[in-house]
Structures are given as structure tokens and as C-alpha cells.
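Undergrad: The opening residue of the sequence shown carries number 1 in full-length UniProt numbering; numbering runs sequentially from there. For each residue, glycine too, the CB sits at the ideal point set by N, CA and C.
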Amino acid sequence: MTKLVFRVAVKQSEKADYFSSIPGLLVCGVGGTLEETLANTQLIIADYLKDSINAPVAAIADTKVTYTDVTWHIVEINRP
């Protein structure tokens, strides 16, 4: 089993929702709480990476995102 570790940027919106993004990937999650957002992000990553057919879709470069006013978190995925 391979453990994948992702650094996740999370920002809180004015409406108190949370949005997450991973530098270099077009993967993001949303939620009403920080914990929910990180859990959703983990599910999205796992869904895209569970087979090699979808893996390139998640690995498309995300070069136009600027990370300001975010908190950084770690999301781990165990991949067989």
C-alpha cells in the first residue's frame, strides 16, 4: 500500500463556507466546516486516483491559482 500525502490550502469564504485546493492539481473540496472540507477533499482525491485511467485527470497543472489568506493542512490517501 502506498501512502500519498497532499498539502491542501483551505480558505473560508464570507458566507462561512470553506474551499480547498491543492497546488498543482485541479482538485478541490467544499464544506460547511474545516473538517468536512478536508474530508470531501480526501474523497475527491481518492475517487480520481483509485484507478490509473482517472489519475491523469487529477494531475492537470493548476497554474493560475494564487494562494492568499489560506491555512495549510495535510490530507493523506492510502492507495493499494
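Return the Cβ separation of leucine 38 and valine 8 in integer angstroms, given the expectation that the two are a contact with Cβ distance under 8 Å.
TA: Reading the sequence shown from its first residue, position 38 is the one you call residue 38. Reading the sequence shown from its first residue, position 8 is the one you call residue 8. 7 Å between Cβ atoms; contact.
Undergrad: Compare the C-alpha of glycine 32 against each of Lys11, Leu43, Ile74, Arg79 and name the closest.
TA: Taking the sequence shown and counting its residues from 1, the one referred to as residue 32 is at position 32. Nearest of Lys11, Leu43, Ile74, Arg79 to glycine 32, Cα basis: Lys11.
Undergrad: To the nearest whole angstrom, what separates the beta carbons of glycine 29 and isoleucine 44, a pair I think is in contact under 8 Å?
TA: In the sequence shown, the residue the question calls residue 29 occupies position 29. In the sequence shown, the residue the question calls residue 44 occupies position 44. Taking C-beta atoms under 8 Å as the contact rule, glycine 29 and isoleucine 44 qualify, at a distance of about 6 Å.
Undergrad: How many angstroms separate the CA atom of leucine 4 from the CA atom of lysine 15?
TA: Reading the sequence shown from its first residue, position 4 is the one you call residue 4. Reading the sequence shown from its first residue, position 15 is the one you call residue 15. Cα to Cα, leucine 4 sits roughly 31 Å from lysine 15.
Undergrad: Identify, in the order they occur along the chain, each residue of the same chain with its Cβ nearer than 7 Å to the Cβ of residue 91, setting aside the five sequence neighbours on each side.
TA: This structure gives no information on residue 91, because the portion of the chain shown stretches from 1 to 80.
Undergrad: So, with DSSP's three-state summary, where would you put tyrosine 67?
TA: Within the sequence shown, residue 67 is the residue found at index 67, counting from 1. Correct three-state label for tyrosine 67: coil.
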